[in-house]
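So the protein sequences, as listed, match chains A and B. Letter by letter, the first sequence follows residues 1018 to 1295 in my numbering. Letter by letter, the second sequence follows residues 1018 to 1295 in my numbering. Cβ coordinates follow ideal geometry from the N, Cα and C atoms, glycine included. The block underneath contains the structure these notes are about, expressed in structure tokens.
There are 2 protein chains.
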Amino acid sequence: MIPLLTPLGIIAAGGEMPVQLARDVMAAGRGVFIVAIREFADAPLYAGLPHKLVRLGAGGAVIAAFKAAGVRDLVILGRAKRPSLLALLPDAWMAGALAKLGRSILAGGDDTLLRGVKRLLEEEGFVVRGAHEVRAGLLAAPGLLAGPAPDAAQRADIDRGVAVLRAMGPVDVGQACVVQQGLVLAVEAIEGTDAMIARAGALRREGPGGVLVKLPKPGQDLRLDMPTIGPATVGAVAAAGLAGIAIAAGATLLAERDTTLTDASARGLFILSLESDP
Amino acid sequence: MIPLLTPLGIIAAGGEMPVQLARDVMAAGRGVFIVAIREFADAPLYAGLPHKLVRLGAGGAVIAAFKAAGVRDLVILGRAKRPSLLALLPDAWMAGALAKLGRSILAGGDDTLLRGVKRLLEEEGFVVRGAHEVRAGLLAAPGLLAGPAPDAAQRADIDRGVAVLRAMGPVDVGQACVVQQGLVLAVEAIEGTDAMIARAGALRREGPGGVLVKLPKPGQDLRLDMPTIGPATVGAVAAAGLAGIAIAAGATLLAERDTTLTDASARGLFILSLESDP
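Written out as structure tokens, the structure is:
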């Protein structure tokens, strides 16, 4: 058991999710200590919160900062772009860690990398949790969360998107795709969901519809890289002229839940949270 | 048997492949008749060749033109973007054809659509051939066709790309992806290979490498939509800073073969033509 008096550690990449989690945890009476990754995190967001900015690759500094803060359990959260090995500039701890993980870690997808990082943190004595284990309210419940119910054509597009993502799951590429009128307009790889949505908007056919489907990969460790949607996703989907968003209930984080759902409804976009597989 | 004195029909979408095929066939002593699809084909290319420009959706006009020209067998060739149903403006023949094929044709991928078109043409008495059945020299032979042999890291990236495309094959999305240092930079959907390559170039990590892998989908009818590379592909790969191209031997058309291979070698890019699956 982790003593509740120890602060929750947060390794923060980009976006507002890490800050949101920190504020939620503090509001519930527990302390936090954030290590924000300089290359990804929006540093001004962390003003006034207990944190340290650390450059990517300085794994030893991350460990030291958490140990000094008395952290025992931690969450990894936020948007990140996989860097090249050359950009990583590993510190001594990180160089040893990479050597231990072996070259294979760099030839796999994000899941492979994150599982390696988790193992290293656990070897240092930390417990790695999912954000949803700390704050269950961040998870999407099943059902129609916002907007009008998708029509039959949109349902068919959702089904096609689910099939595409399931097929791609084993090769650990992306979490999202956009489908309109049965056509897969775009599939996410390393560019990130928002860039993929913008591309799909430019590739849309005349006529109605178009859905973003964003799901965890089969076997993906949800503690490490849970699919997330938020106000930025809703804005991108609206700008692309799509009709709505399908996500996986219980396996998707809703950033700024109220804003996200209100924005979607106000723009006439559905957010459908799919029950897990039959 | 098709009498050799009948002209070969060519339904021409975009790019130079249809013109190249027409000139090759004529050089070998057989006539051709081209129906160029106005929305896709580069009309000036067809000056001086027996042809008719027909708008997309005018399926009846296509049939009539070929019958008037005495065509018995035909090839469908060139780049096309799937239109929306609204843009199709089907003529009477096409409206009947779409009704016959049913709505499912529009909810599948390109393979589904092309198979439907092939069936309709066959019902009209035409034989639909692959370009490679007419001109075997268009097909890529196995082996290293251009440039330096890929190194071990590039070989690993090719393997990863092959695995990604195989996983995606059953859902009929795209034919190509770009991999660098084990990372899948981009996966093709409806944007086309050249646009996907350009995106991958913008997403490249520091450091060497990056390969385009372009393969037929498992079960894809190669008579209808054979993967194709040509000088434009080589130019896009060079502009994106990638190291080379992997294709499937015996299942890839080389447009302007000599120019393609010479350009690639001159730019130091490999073109590796993979033997079929073990």
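| Item | Value |
| --- | --- |
| 8 Å Cβ cutoff, residue 1264(A) in contact with chain B | no |
| Residue 1215(A) and residue 1260(A) closer than 8 Å at C-beta | no |
| Through-space distance from residue 1136(A) to residue 1239(A), alpha-carbon basis | 15 Å |
| The stretch 1188–1195 of chain A / the stretch 1180–1199 of chain B touching (three or more Cβ pairs under 8 Å) | yes |
| Inter-residue Cα distance where the pair is residue 1243(A) and residue 1227(A) | 23 Å |
| Residue closest to residue 1068(A), alpha-carbon to alpha-carbon, out of 1291(A), 1282(A), 1029(A) | 1029(A) |
| Contact residues within the stretch 1071–1095 of chain B, judged by C-beta distance below 7 Å to chain A | none |
| Cβ of residue 1207(A) within 8 Å of any chain B Cβ | yes |
| For residue 1135(A), three-class secondary structure by DSSP | helix |
| Which of helix, strand or coil DSSP assigns to residue 1232(A) | coil |
| Residues near residue 1254(B) by beta carbon distance below 7 Å, same chain, minus five either side | 1214, 1229, 1262, 1286 |
| Per-residue contacts from residue 1216(B) into chain A (C-beta, under 8 Å) | 1208, 1216 |
| Three-state class that DSSP yields for residue 1031(A) in the structure shown | strand |
| Beta-carbon separation (whole angstroms), residue 1070(A) vs residue 1060(A), contact threshold 8 Å | 6 Å |
| Nearest-angstrom Cα separation, counted from residue 1202(A) out to residue 1295(A) | Note that residue 1295(A) scores a pLDDT of 40, beneath 50, so its modelled location is shaky; the value from the coordinates is reported in the next line. Looking at the two C-alpha atoms, the distance is approximately 27 Å. |
| Three-state secondary structure (DSSP) of residue 963(B) | It is not possible to answer for residue 963(B), since the shown part of chain B is limited to 1018 through 1295. |
| 8 Å Cβ cutoff, residue 1184(B) in contact with chain A | yes |
| Rounded separation between residue 1269(B) and residue 1171(A) - CA only | 35 Å |
| 8 Å contact criterion, which residue 1057(A) and residue 1031(A) should meet: CB distance rounded | 4 Å |
| Proximity to residue 1293(B) [Cα-Cα], best of 1248(B), 1212(B), 1160(B), 1195(B) | 1160(B) |
| DSSP state of residue 1295(B) mapped onto helix, strand, coil | Low confidence applies to residue 1295(B): its pLDDT is 41, below 50, so where it sits in the model is not reliable enough to give any reading. |
| Rounded C-alpha distance that separates residue 1245(B) from residue 1156(A) | 45 Å |
| Residue 1117(A), buried or exposed, once every other Cβ within 10 Å from all chains shown has been counted against 16 | exposed |
| Residue 1240(B) in three-state terms, based on DSSP | coil |
| Short CB-CB distance (under 8 Å) between residue 1220(A) and chain B | yes |
| Proximity test, Cβ basis, 8 Å: residue 1202(B) and chain A | yes |
| Partner residues on chain A for residue 1248(B), Cβ-Cβ distance less than 8 Å | Within chain A, no residue comes near residue 1248(B); the closest Cβ sits about 24 Å away, beyond 8 Å. |
| C-beta contact flag for residue 1062(B) and residue 1151(B) at 8 Å | no |
| DSSP state of residue 1261(B) mapped onto helix, strand, coil | strand |
| Residues of the stretch 1161–1181 of chain B whose Cβ lies closer than 8 Å to any Cβ of chain A, in chain order | 1173, 1177, 1180, 1181 |
| Chain A contact for residue 1187(B) (CB, 8 Å cutoff) | yes |
| Buried/exposed call for residue 1289(B), threshold 16 Cβ in 10 Å | buried |
| Three-state secondary structure assigned by DSSP to residue 1274(B) | helix |
| Residue 1050(B), enclosing beta strand (DSSP E) - first and last residue | 1049–1054 |
| Partner residues on chain A for residue 1190(B), Cβ-Cβ distance less than 9 Å | 1181, 1184, 1185, 1194, 1201, 1204 |
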